[in-house]
Structures are given as structure tokens and as C-alpha cells.
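Notes follow once the structure below has been shown.
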Amino acid sequence: MSSTTDGDRLPRLPSLTGLRFFAAFAVFLFHVSLFTSPLPPYQPTNPFGATPVGETLEQLFRQLGYVGVSFFFILSGFVITWATPQCFSIRGFMWRRMLKIYPPHVVVWAISLVLFAGVYTSPQTAILNLTLFSTFSTDPTVYVSVNPPSWSLSSDMVFYLLFPVLMPLVRLIPEPRLGQSLLALLLGMLAVILITTYLVPSEPKSPISPISGTQFWFNYIFPLPRMFEFVIGMVAARMVVLGRWPRIDLLSSCVMLIASIAIAKHLPFLYTFGICYILPLTALITECAARDREGRSPVFLTNRLALWLGQVSFGFYLCQGVSIFWLSKQLGLQDLSVVGGLTAIALYFSASLLGGWLLFRFVEEPSMKLARWILLRRKLRTA
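In the numbering used here, the protein residues as written are -4 to 378.
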């Protein structure tokens, strides 16, 4: 694989745009298989209920939500590092990132409050969720509040705020030490699990997981421990740029990922959040990036449909609090037949996709145009 220096201009990565939808769809499958919704009164979203079909669905898709979220955190670190030049404007960087994620969040936040969350959400909790500070609370009714999928945006915001500090540090790592840095980050993730197991209170139990709400918060929700995945993406991007990442083809990466998901089903719950999937997910991201760089982008990830799905994937993910959790409760779609359950899942998918497209077309695109206009004006003023 060709190598270059950190300062060289790098090509766009269309394969990773297409890959985003697969991760968002994995989270979707996880959400439609749950026996406990994150919304009060915590009813199942699994349309088949406690039947053999419903239990099979839950067993198959139990890990996919954790896989999808871990993928997005690694991808964020990778793509931002790849796209950020050696010298960059911190203010411009923050404008772009804020206008990318915040306007869609505000729109779905408002819709969620009107439709369902306003009934049981205190003003303080609503403001914490709006400002993306809710995940700094150990209270499950706060950190998974208003629109439940929005919790991950809090981690994204912390990553973006710390990126101007992290980027120079990652670039200071000597090339021969990059692999060792990845190992150190993996050990850091393991340390978080051990701290959660032995030092974080194991009672009271969470209503949405087999561990305590505080353990779930510290290991999965709290932004700082999730920083390891983001920085792994940053280090992996440098390794690809410098030609130091060991190539693993797409098929092998997918086989590794499927194997890691199968293994996770037999591990203690705390080990199923991210550490199991880090290496295959990173291998998948780096191989797609390397192929884009070589002009050999996989067609199934870069055709017109795949790129469109990738573009709407953020909204598709963000809408699922409404299009799955709220809709299933309103329509009472539980304990259905096979045909009825599949129809319900198709309904959830269609609603999520429509919501994702509407957010992309009328919120994300105008917001990004505004970001470009603001940055252009700043450049003209300083010229």
C-alpha cells in the first residue's frame, strides 16, 4: 500500500459513507429486537413478544446496537483525522461539527418532547439533553432521556471539543510506535471494564440491562471511557496514511466481525459493549479507506443508492426514538404473528428512513451550507 506524510492532501472516502448505513441499520435491528424499551413503561419493542420467534430475534441482534455505536465512534476519529490538514482553524472545525450534529438533534428533541417525552421529563432533564450534557449524569432517567438515541451525540461533542488537543498528541507518536499505541488503547478499554466490575456499585439494577444503572452509565454511556474508540480511529487513520496498517481484505474483516459477535454472546455483559469488536471494525474501516485511496472503491458501498443511504444514516439513527420506541407504544405492536411482526418492522424501517431523509434534506444540508457560508465569510474578512 502506498504511504505518504501526515501533511499531504488525502482523497475523499466514499466507501465509508456507504458503510455508515450498515452500522445505522445494525442499531435499528437491535432496537426492534428489544424486550425492554428505554421509554417508560419499558414495554417491548420486539413485535413478536416472548415467543420463539421473538426470542430468536433478540438473540440474533442483541449485540448489534453496541457494534453500531462502537463503529461510529471509531469512524468519527478516523474520518476527522483523515480530513483535517496539518494546520487547521479550531473555530472553523467546531463550526462544521456543531452545525453537522446539533440542528438535527434539536429538531428531533423538540418532536420527542411534543409527542411523548414532555409528559415525564423534567425541565432540567430536558435542558441537559438539549445541551448534550445528559450523559454526565448517572441517573438512567437522565442519560437516556427525551430522544434515547441522542445520548451518543454527547460523546461526539466531547470528542470534537478535545480533538484540537488530541490531534497534535496523536501526530507526535513516532511511526514505529503506532501499533503499540493501539495496544495501549485496547488495554485502556479493558481497564475501564475492570474498574466497572470491581469499583462501580452493582446495585440498583438498570431497567434496561442486567447490570446496575451506574455500571451501564460508566462503561457504555459516559463519554470519557468511549474516548478510547475515538482515539483508536485517529491512530488507525495515521497508520493508513503512513502505510503502516496491516491490510486485511473486506471479506476477512467481515468474517472477523461476525465471529466477534458470536463470541460476545458467551461473554459477561460488560465485555459486549465494544472491546470485542474493535479490531474487526477498525480493519473494516481501514480497508475501505485504503481501497478508496487506491481508486478501487467497492461498488456495493459507492453506488448511488449506497451513498444516498449513507447520507441519510445519521437522521435514520436519530429518528429511531420516535419511529420505533414511540410508534411501537402508540400502535401496541406486540405479540404479533410472523407476518404481522415483519410488517411492523417494515413500518419502523420506513418511518426511520423517511425521517432520516427529511432531516438530511431540510435540516442537515441547509446547516452544512450555512457552515460553509460562515467559514467563507471569515476567510474573505481575513484575506
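The beta carbon of each residue, even a glycine, is placed where N, CA and C say it ideally should be.
| Asked | Found |
| --- | --- |
| According to DSSP, residues forming a beta bridge with K200 | S207 |
| Range covered by the alpha helix (DSSP H) that runs through V226 | 218 to 236 |
| At least three beta-carbon pairs within less than 8 Å, the region 306 to 321 to the region 23 to 39 | yes |
| With 16 other Cβ atoms within 10 Å as the buried cut-off, status of S147 | buried |
| Check whether S379 and L353 have beta carbons under 8 Å apart | The question about residue 379 has no answer here: the residues shown for the chain are numbered -4 through 378. |
| Within 8 Å, strictly: CB atoms of I75 and T277 | no |
| Presumed contact (8 Å Cβ cut-off) between G305 and R15, rounded CB distance | 5 Å |
| S65 in three-state terms, based on DSSP | helix |
| Same chain, Cβ closer than 7 Å to P199, neighbours up to 5 away in sequence not counted | S207, G208 |
| C-beta atoms of L94 and M363 nearer than 8 Å | yes |
| Secondary structure of A259, DSSP reduced to three states | helix |
| Nearest to G238 (by Cα), restricted to the options W368, P171, T51, W90 | P171 |
| Under the three-state DSSP convention, the category P143 falls into | helix |
| Cβ-based burial, Q210 [other Cβ within 10 Å; buried from 16] | buried |
| Start-to-end residues for the alpha helix (DSSP H) that takes in V101 | 85 to 110 |
| Inter-residue spacing [alpha-carbon to alpha-carbon] between G2 and I253 | At G2, the pLDDT of 49 sits below 50, so the modelled position is not reliable; the number obtained from the coordinates is stated separately. C-alpha separation (whole angstroms): 36 Å. |
| Pick from L371, C283, F357, L331 that is closest to E379, judged by C-alpha positions | With the chain running from -4 to 378 in the structure shown, residue 379 is simply not present. |
| Reduced DSSP category for F43 - H, G, I as helix; E, B as strand; rest coil | coil |
| R286: first and last residue of the uninterrupted alpha helix (DSSP H) it sits in | 273 to 288 |
| Reduced DSSP category for S10 - H, G, I as helix; E, B as strand; rest coil | helix |
| Contact set for S107: own chain, Cβ-Cβ below 7 Å, skip 5 residues either direction | V141, N142, G316, V317 |
| N-terminal and C-terminal residue of the alpha helix (DSSP H) that F464 is part of | Because the chain in this structure spans residues -4 to 378, residue 464 falls outside the shown range and cannot be described. |
| Assumed close pair F25, F66 - CB separation to whole angstroms, cut-off 8 Å | 12 Å between Cβ atoms; not a contact. |
| P220 at chain C interface by Cβ criterion, 8 Å | The structure shown contains no chain C, having only a single protein chain. |
| Rounded straight-line distance, which links the Cα of Q175 to that of V102 | 42 Å |
| Three-state secondary structure (DSSP) of S28 | coil |
| 8 Å Cβ shell around L157 - same chain, five flanking residues per side excluded | M222 |
| Coarse secondary structure for W240, derived from DSSP in three states | coil |
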